[in-house]
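Numbering (this note's numbering), first residue to last: 428 to 1502.
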């Protein structure tokens, strides 16, 4: 299995490991003594003893893999295995998936970082369902690996936990490990060659008890099939015994009380059983039994406190136990006092005496229970208010309603003084009122006003209704994503627990996706729209969404979220200016980007409780992105001390999450079922409560001097940086993928990529409406983000191809493009471009000849004749595009056309995911092309093939020899074909191939006569088409050409791509100007 990378000491005095395999970056080792005759002698016995006693998989597994770098003395353990097959599988995976990639890194640190990240990612994928519920997932992985190695039980057997202990065999204790799984109690020990392996089924145990005697002070006695077993020396024997008891009862119920067991949803799935779950279940069962409560009750919290007993006039010490529906108290001072308070009877929960941490609970019977010295009493009061739907006493409700009325009155006074509506005066007092929170009754109206959406709506009457009708029933990728996310949008809010709210949300999102297909739908839009619908009508929410997506947060809601990345870069810049001590502490500023992305995308709605988040949205609609930036700075400053003590990013994220959980809105009039403040969290927080109004006010006071103009300036500056960073990432990923399939050096490949991308952009510079603009889609995979058409490829081919001197180079470029355009969409990507160039420059004689052969057969080959004879072999742009889109019938043409019709990329309808998966599977199963699978070349194609060879040889120092060689080879091939036909049908008359054989023989060897010869050859070939067609297999042509040394020397002659690249960089713009 894969291990969390850890440093290891390779030079071990005991020589515990034997090296079996190694390469530049990895070492495979075998544990000494494992797999050796006699156990490896004394060293093997010592190693085995250590493996049984020590708790470390890296010391237990018989095989392991270490990561190393050439110039480093540090080794990292990354994998281990219990068998040679398992470790070999890991080794092969590293060689096939990691080794090729490592060559692209420049430094050892980058290599090590990449390997560690890859291994951690594999561990995370493996452990998604199995280890997340364990307290120490890494340690549990080690125990699980040893458990599987030692006992060989089926994979379905779920290990619950394991303990170090001693097993008594007679009077001798054997130190080892006790494993508790869903069906078995297992023990393993290995000391100085003596191995003890014990497996006991839970359903076979007849007695399970804790005992003690003179020798064993405390032990666990297990009796199975009349045989006694004793285990001792546990660190926590009571905890171990409780879990053993639970697992034994679980097995008995499963096998012997099946009906009861099936009704127990908690333990019905064995894979969900964990140590923590069993402990929690045991406490809940004890709680329910003691207080005579329904079995469904689950113990949630326990608080030590004092309860005032009015009739005795004293405080009794005990524990307050809280479940879903009950508050219970049991004394621990001998008074035997217990109380059961159903939450349905509770009418009010208040803080009774803050000095003594008091909690007062009032019931319908007008009885009040007063608890004191309650730890975290404020959080407890908030939680209990939520549970019993009694947010506070009637006095508090009156206060909240009064505050809301006072807010409304303040706004009404402002409207009288400064106007009401679009033309109102907006002053500092307006901002102050916004900071305090807009009243619920006015929120929708003022959001429309401050965002400017009111103007859009007034300018487009009836637009939304028309849009809803048009978008109704449409089925696109956006609508599929919308349907998937509808139920995830504020699911706890009553407004979105009914079809009415869900339908309104669906209509708004679908209408906007129809209005703006460039954005369509993006995650986070559903959360934002849900909040808008809470305070605005459906049409108003639509126009608010338009204002946010298209004006206030430009480029946020698309696949590359460039706008959000730009604002995060602005945020980082502001942090450097206003919080320098934090930037000095954080070595990597990208942490702030990763943690704050959701802040910007959802306007803090996803991290703050809804009753607090709406206050942030108030400020956003008034001040724009400036409000979000200010609040982000205030959050970081508030947590400055804790962030400065964090050792890693994960710890810092935890600090910020706990802070957000502690943010409340004491003035919120929302009902308790809707509020999501820290009172809803079961986890204790060391953060004191922070009121959102105070936090926003502080952010305005400290960072209110940030001007909107400065923010826009920083946005423009950072947009360039963000886009270039994204482009650099795209390039790195493309080069990493392509480098595995070509032999070009990394520097040459990078230069080719830049030329390829440059050619794409050159087509866009002088023509705003160029169709080439449509070829770039940043939402596509990296390889397909930049693609070029046939015209652009011709320019690059003339600049870079070693065969560009050929007289029919336009035709050659056309056929090459058609060969690469497998999808028949008139576009090719960089990988296809680089691979064909790699064949021309670095391919073997066979590879280059095979490429030329394939260029002269369908689907690449098509008859080419220029419309203007005076231009010779030159093709205009229109002719080139025309010929590149022609379809040429071939043997598998019907199959190809069917596959193209069913291609998931064709058409504008719904994307067929199944078709994508099928296409991907076919590509994975595609075998390496065999030369025997190539179709035969017919007579006219062979003549054109011969012409191309003559054109390639023109100007070569061995031109004379090459012309003679091709004449000999052509004659030989035709004679071989004639003999073959006669052998197949000796009675049928066959026309002599002399006429055809004379075609290449009569072709002159010098300049101007070549064209007349080609015409002669073409006419003779035309005259032969009515007779028997001749065809040649690739093997025949290859075998014939291999007999001519001049041919072999020509195609194996090395060409320097660097010279071509330098020339292309200088001539690319000129070539574009000529075109």
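Beta carbons are placed, not taken as given, at the ideal position from N, Cα and C, and that holds for glycine.
Grab me the residues of residue i's own chain with a C-beta within less than 7 angstroms of its C-beta, minus the 5 sequence neighbours each way, in chain order.
| i | result |
| --- | --- |
| residue 1073 | 1079, 1082 |
| residue 856 | 841 |
| residue 830 | 1094 |
| residue 700 | 585, 587, 609, 694 |
| residue 661 | 590, 592, 667 |
| residue 1363 | 1458, 1459, 1460 |
| residue 1053 | 1133, 1135, 1138 |
Where does residue i land, buried or exposed, given buried means 16+ other C-beta within 10 angstroms?
| i | result |
| --- | --- |
| residue 840 | exposed |
| residue 598 | exposed |
| residue 880 | buried |
| residue 526 | exposed |
| residue 1152 | exposed |
| residue 833 | exposed |
| residue 1481 | exposed |
| residue 1368 | buried |
| residue 1409 | exposed |
| residue 1212 | buried |
| residue 520 | exposed |
| residue 1077 | exposed |
| residue 1270 | buried |
| residue 1265 | buried |
| residue 902 | exposed |
| residue 652 | exposed |
| residue 1059 | buried |
Taking 8 angstroms as the cut-off, decide whether the C-beta atoms of residue i and residue j are in contact.
| i | j | result |
| --- | --- | --- |
| residue 1092 | residue 1125 | no |
| residue 1267 | residue 1229 | yes |
| residue 998 | residue 1019 | yes |
| residue 758 | residue 775 | no |
| residue 1146 | residue 975 | no |
| residue 934 | residue 965 | yes |
| residue 649 | residue 627 | yes |
| residue 756 | residue 770 | no |
| residue 1130 | residue 1061 | yes |
| residue 504 | residue 432 | yes |
| residue 752 | residue 772 | no |
| residue 1148 | residue 996 | yes |
| residue 1487 | residue 1227 | yes |
| residue 1376 | residue 1383 | no |
Quick one: what's got a C-beta closer than 6 angstroms to residue i's C-beta in the same chain, skipping five residues either side?
| i | result |
| --- | --- |
| residue 1385 | 1473 |
| residue 645 | 639, 664 |
| residue 429 | 506, 546, 549, 550 |
| residue 796 | 788 |
| residue 574 | 586, 606 |
| residue 1240 | 1221, 1224 |
| residue 870 | 962 |
Between residue i and residue j, which are expected to be in contact by the criterion C-beta below 8 angstroms, what is the C-beta distance as a whole number of angstroms?
| i | j | result |
| --- | --- | --- |
| residue 973 | residue 912 | That pair is no contact at about 19 angstroms. |
| residue 454 | residue 492 | 7 angstroms |
| residue 673 | residue 705 | 5 angstroms |
| residue 1026 | residue 1055 | 7 angstroms |
| residue 1457 | residue 1366 | 5 angstroms |
| residue 946 | residue 985 | 6 angstroms |
| residue 1491 | residue 1282 | Actually they do not touch by this definition, with Cβ atoms about 22 angstroms apart. |
| residue 957 | residue 898 | Not really, about 19 angstroms apart at Cβ, beyond 8 angstroms. |
What residues in its chain sit with their C-beta under 8 angstroms from that of residue i, if we drop five residues either side in the sequence?
| i | result |
| --- | --- |
| residue 1000 | 1141, 1145 |
| residue 778 | 785, 786, 787, 804, 805, 808 |
| residue 1086 | 1062, 1065, 1066, 1114, 1117 |
Using 8 angstroms as the Cβ pair cut-off and three pairs as the minimum, do the region 600-608 and the region 567-579 touch?
With three or more CB-CB distances shorter than 8 angstroms, the region 600-608 counts as touching the region 567-579.
Three or more C-beta pairs under 8 angstroms: does that hold for the region 1158-1171 against the region 1256-1266?
The region 1158-1171 and the region 1256-1266 touch, with no fewer than 3 CB-CB distances between them shorter than 8 angstroms.
The region 1034-1051 contacting the region 869-877, beta-carbon criterion three pairs below 8 angstroms
Yes, the region 1034-1051 is in contact with the region 869-877.
Determine, using beta-carbon pairs with one atom in the region 1002-1013 and one in the region 922-937, whether at least three such pairs fall under 8 angstroms.
Short answer: they don't touch.
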